[in-house]
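In case it helps, my numbering puts the sequence shown at residues 962 to 1277. A short write-up of the structure that comes next.
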Amino acid sequence: MPPLTDALRYTTSCPLNYDSPLAIKAFLDAQGLGMRKKFGQNFLINPGARKALVDALDLEIGVGVWEIGPGLGAMTWSLLERGVYVKAFEIDPGFIRVLTDFFGGRRRFCLVQGDVLKTWPYAGTEGYMLGNLPYTIASRLLGTLIERNRLFKRMVVVLQRELVQRMSARPGSKDYSSFSVLCTSTYTLTPLKVLKGTSFYPVPHVDSQGIRLDLRTDVDPCAYPPCFRPLVRQLFASRRKTIKHNLYDFVVSSILTKPGVAKGKEAVHITEEVLARCGIPGNKRAEVLELEDFLALARVLEWSKSNEALAKAREC
Ligand code: SAM
């Protein structure tokens, strides 16, 4: 890689002036690199916002942090300055070359190359996660990590503002979804500052927002009933259907799994029994249920798999 001119450097130790679109563009040109829309590449050029995000992680020296999509390493550099271990996941081959050049010699830096959606299961575990997440993969990555119980003590991520609203939506609001339940059942969410497009280069068309996610300590998210998360997804699958209808579909597809058995009548019995035991009227819709309601349904469903009373109902 050609040596950087002093004009492109920020300080003697920081490898690039990450606050300046001009410096970034000149650097990319000099390296023969471009920005790729398909990877959701928008650099965070607002130094105050970058500092606030890293501060929000509340890190102690020596802890391990996953950084998703480091780009040219603006936040990687801040993390390393704070004395933590960084495992950075990057897909763009050009950026991988730059990151290796900037940080490859550092003992506390490790680069995982490729699509984070595929590489994360092999990457070991760290307690914290940071990322100005590419909008193309943000909800899928967060959803998968939670569903697979790959949980962090704390995460700080930048997302499209509307995704932050969906994550933190309360029952009864139009933004409340299975993703809200998934996130709030596992983490305590603290929305951070809204970031206007001018905080990024290139300027995106939508506003973004930081959000801090602290692993809940009042419950054990790893101990939720196995059917809890698939059930939540199913209950929101057809938003216009009542809980009774969606629950019936779930019983047919996930509870009555024995092949060759006529399921209709049996599924109706189980659905009605489960709703009655939870005290939830079947004509409600998932968007008004609280976390405790979903958990109650999941617990009774798990119990129904083996329980004799319901086995009798199945015989009817
Ligand atoms: N962290 C930098 C910053 O804040 O300035 C860049 C953030 S940019 C929004 C998203 C970064 O994620 C880019 O570097 C992009 O190449 C990378 N990326 C996109 N899709 C990815 C994927 N599937 N796996 C790993 N990295 C990805």
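Note that beta-carbon positions come from the ideal geometry of N, C-alpha and C, so glycine has one too.
Helix, strand or coil: which one does DSSP assign to residue i?
{"i": "Ala968", "result": "A caution first: Ala968 carries a pLDDT of 43, below 50, which makes its placement in the model too unreliable to give a value."}
{"i": "Gln992", "result": "helix"}
{"i": "Leu1014", "result": "helix"}
{"i": "Asp1062", "result": "helix"}
{"i": "Arg1113", "result": "What sits at residue 1113 in the sequence shown is Phe, not Arg. Phe1113: coil per DSSP, three-state reduction."}
{"i": "Lys1135", "result": "coil"}
{"i": "Gly1171", "result": "strand"}
{"i": "Pro1042", "result": "The residue you asked about is not Pro; residue 1042 is Glu in the sequence shown. Note: Glu1042 maps to helix in three-state DSSP."}
{"i": "Pro1163", "result": "coil"}
{"i": "Thr1147", "result": "coil"}
{"i": "Ala984", "result": "helix"}
{"i": "Leu1020", "result": "coil"}
{"i": "Gln1121", "result": "strand"}
{"i": "Gly1001", "result": "coil"}
{"i": "Ile1241", "result": "coil"}
{"i": "Val1229", "result": "helix"}
{"i": "Gly1030", "result": "coil"}
{"i": "Leu1258", "result": "helix"}
{"i": "Lys1266", "result": "helix"}
{"i": "Leu977", "result": "coil"}
{"i": "Leu1156", "result": "strand"}
{"i": "Leu1236", "result": "helix"}
Just to check my reading of the structure: residue i and residue j have Cβ atoms closer than 8 Å, yes? What is that Cβ distance to the nearest angstrom?
{"i": "Met1128", "j": "Trp1027", "result": "Rounded, the Cβ-Cβ distance is 19 Å, inconsistent with contact."}
{"i": "Arg1011", "j": "Leu1041", "result": "Not quite, the Cβ-Cβ distance comes to about 13 Å (not below 8 Å), so this is no contact."}
{"i": "Ser1102", "j": "Leu1124", "result": "Sequence check: residue 1102 is Leu here, not Ser. Their Cβ separation, rounded to whole angstroms, is 11 Å, which puts Leu1102 and Leu1124 out of contact at 8 Å."}
{"i": "Leu1143", "j": "Ala1017", "result": "Contact doesn't hold; Cβ gap of about 21 Å is too wide."}
{"i": "Lys1245", "j": "Thr1218", "result": "With a Cβ gap of about 26 Å, Lys1245 and Thr1218 do not count as contacting."}
{"i": "Gly1044", "j": "Gly1075", "result": "Actually they do not touch by this definition, with Cβ atoms about 27 Å apart."}
{"i": "Gly1055", "j": "Gln992", "result": "7 Å"}
In chain order, what residues of the same chain have a beta carbon less than 7 Å from the beta carbon of residue i, not counting five sequence neighbours either side?
{"i": "Leu1072", "result": "Ala1049, Glu1051, Ile1057, Leu1060 and Thr1061"}
{"i": "Phe1197", "result": "Ser1138, Ser1139 and Ala1247"}
{"i": "Pro1186", "result": "Ala1259, Arg1260 and Glu1263"}
{"i": "Val1117", "result": "Leu1014, Ala1017, Leu1018, Leu1091, Gly1171 and Arg1173"}
{"i": "Gln1126", "result": "Asp1136"}
Cutting at 8 Å between CB atoms, please list the residues of its own chain near residue i, excluding the five before and the five after it.
{"i": "Ile985", "result": "Leu977, Asn978, Tyr979, Phe1004, Ile1006, Leu1033 and Tyr1162"}
{"i": "Arg1122", "result": "Val1155, Val1167, Asp1168, Ser1169 and Gln1170"}
{"i": "Ser1265", "result": "Ile1216, Ile1231, Glu1234, Val1235 and Leu1271"}
{"i": "Pro1191", "result": "Phe1211 and Ser1215"}
Please determine, among the options, the residue with the shortest C-alpha to C-alpha distance to residue i.
{"i": "Lys1157", "options": "Leu1094, Val1045 and Gln1170", "result": "Gln1170"}
{"i": "Arg1177", "options": "Val1249, Thr1151, Val1167 and Val1193", "result": "Thr1151"}
{"i": "Cys1188", "options": "Leu1103, Lys1114 and Ser1215", "result": "Ser1215"}
{"i": "Leu1106", "options": "Leu1120, Pro1082 and Ser1039", "result": "Pro1082"}
{"i": "Val1229", "options": "Ile1241, Asn1244, Asp1210 and Arg1246", "result": "Asp1210"}
{"i": "Gly1240", "options": "Asp1254, Gly1104, Gln1074 and Lys1202", "result": "Asp1254"}
{"i": "Glu1087", "options": "Lys1114, Asp1019, Leu1120 and Glu1108", "result": "Lys1114"}
{"i": "Asp1175", "options": "Ala991, Lys1226 and Ser1146", "result": "Ser1146"}
{"i": "Arg1238", "options": "Ala1257, Asp1181, Arg1131 and Lys998", "result": "Ala1257"}
{"i": "Val1180", "options": "Leu1252, Arg1194 and Gly1009", "result": "Leu1252"}
{"i": "Leu1300", "options": "Ala987, Trp1038, Arg1194 and Gly1133", "result": "With the chain covering 962 to 1277 only, the question about residue 1300 has no answer from this structure."}
Using a Cβ-Cβ cut-off of 6 Å (strictly less than) and excluding sequence neighbours within five positions of residue i, which residues of its own chain qualify?
{"i": "Asn1110", "result": "Cys1183"}
{"i": "Thr1097", "result": "Gly1001"}
{"i": "Gly928", "result": "In the structure as shown, the chain starts at 962 and stops at 1277, and residue 928 therefore has no counterpart that could be examined."}
{"i": "Leu1208", "result": "Thr1232"}
{"i": "Val1119", "result": "Asn1093, Ser1169 and Gly1171"}
Can you check whether the C-beta of residue i is within less than 7 Å of a C-beta belonging to chain D?
{"i": "Val1026", "result": "Considering every chain present, this structure includes no chain D. It has just one protein chain."}
Entirely within the stretch 1178-1224 and at least 4 residues each: give me those alpha helix (DSSP H) ranges in chain order.
-> 1189-1196 and 1204-1211
For the stretch 1047-1108, which segments carrying the beta strand (DSSP E) assignment without a break, of at least 3 residues, lie completely within its bounds, in sequence order?
-> Whole beta strand (DSSP E) segments, 3+ residues: 1070-1074 and 1089-1093.
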